[in-house]
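Participant: Can you keep this structure in mind? I'll have questions shortly.
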Amino acid sequence: MAGMNTISNEVKLLLALLLLQLCFAGFHIVSRIALNIGISKLVYLVYRNTIALLLLSPFAYFLERKERLPLTSSLLVQFFLLALLGITANQGFKILGLYYASPTSASAMQNSFPAITFPLAVALRIEYVNVLRRDGLAKIFGTIASIEGAKLSLCTRDFHSCNLRSPYI
Numbered sequence: 006m007a008g009m010n011t012i013s014n015e016v017k018l019l020l021a022l023l024l025l026q027l028c029f030a031g032f033h034i035v036s037r038i039a040l041n042i043g044i045s046k047l048v049y050l051v052y053r054n055t056i057a058l059l060l061l062s063p064f065a066y067f068l069e070r071k072e073r074l075p076l077t078s079s080l081l082v083q084f085f086l087l088a089l090l091g092i093t094a095n096q097g098f099k100i101l102g103l104y105y106a107s108p109t110s111a112s113a114m115q116n117s118f119p120a121i122t123f124p125l126a127v128a129l130r131i132e133y134v135n136v137l138r139r140d141g142l143a144k145i146f147g148t149i150a151s152i153e154g155a156k157l158s159l160c161t162r163d164f165h166s167c168n169l170r171s172p173y174i
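The sequence shown begins at 6 in my numbering and counts up one residue at a time.
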C-alpha cells in the first residue's frame, strides 16, 4: 500500500521535463514582449546572463566546493571562449530570430535541435544506428516525428499559406 502513494522516478522525470518545456515557452513569450517594448537585444542578453550568474553561482559554489578543480589561467581562457562563442552567440542568434519571428516558431525550432543534432552525429560517426534493431528504428522515427511536429506547429498558425511539401519548412 505504501508503494502506491509514491511517485515513480519515471513520472518525476516526465513532470520535470514538462515543467522545463513550460519554462522555455514562458521564456519565449517574455522575451518577445521585452523585444516588442523596445529593449535592446544586447542589453537583454546582458540582463539574462547576469541574472543567471546571480542565481546559479551560490549553487555552484556551495554544492561543488569539495569537488571543484583549481582555476588555472588556461581553464579561465577556455571558460571565456566557451561562454563567448558557445552560449552568448547561441543566445544572441536566438534573440535575433525571436525578434523577427514568433514565440511559436522559436519553440518549434528549439524542439527540433535534437532532430538536427542526431543526423549530424550519425554523419560524423559519433552516433551509430542499427536499422535492424528496435532502438535504431526508434531513433530514426523519433527524428522524423520531431521534424514533422516542428513543421506542423509552424503551419498551424497560418495553415492556408503553408506549403507542407516545401523542403524549407
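Backbone N, C-alpha and C fix where the C-beta goes; we use that ideal spot for every residue, glycine too.
It should be emphasised that the depicted structure is a prediction, and the values quoted were computed from it without experimental measurement.
Just to confirm, is the Cβ distance from residue 111 to residue 151 under 8 Å?
Facilitator: No, Cβ-Cβ distance for residue 111 and residue 151 is not below 8 Å.
Participant: Hey, quick one: how far does the alpha helix (DSSP H) through residue 11 stretch, first residue to last?
Facilitator: Per DSSP, residue 11 belongs to no alpha helix (DSSP H) and is neither H nor E.
Participant: Please confirm whether residue 4 and residue 46 have their CB atoms less than 8 Å apart.
Facilitator: Outside the shown range of the chain, which is 6 to 174, sits residue 4, and nothing can be said about it.
Participant: Quick check on the burial criterion: 16 or more other C-beta atoms within 10 angstroms. Buried or exposed for residue 155?
Facilitator: The residue is buried, with at least 16 neighbouring Cβ atoms inside 10 Å.
Participant: Could you compute how far the alpha carbon of residue 98 sits from the alpha carbon of residue 87?
Facilitator: Cα-Cα distance, rounded: 16 Å.
Participant: With 16 as the cutoff for other CB atoms within 10 Å, does residue 113 come out buried or exposed?
Facilitator: Buried, since its Cβ has 16 or more Cβ neighbours within 10 Å.
Participant: Can you tell me where the alpha helix (DSSP H) with residue 120 in it begins and where it stops?
Facilitator: It spans 118-128 - the alpha helix (DSSP H) in which residue 120 sits, taken as one unbroken run.
Participant: Using 8 Å for Cβ pairs, my map puts residue 123 next to residue 148. What's the rounded Cβ distance?
Facilitator: Yes, residue 123 and residue 148 are in contact; Cβ-Cβ is about 5 Å, under 8 Å.
Participant: What separation, rounded to the nearest whole angstrom, lies between the Cα atoms of residue 69 and residue 58?
Facilitator: If I take the Cα positions, the gap works out to 15 Å.
Participant: What does a CB cutoff of less than 6 Å around residue 96 pick up in its chain, not counting 5 residues either side in sequence?
Facilitator: Answer for residue 96: 50, listed in chain order.
Participant: Please report the straight-line C-alpha distance between residue 128 and residue 20, rounded to a whole angstrom.
Facilitator: So the alpha carbons of these two residues sit roughly 33 Å apart.
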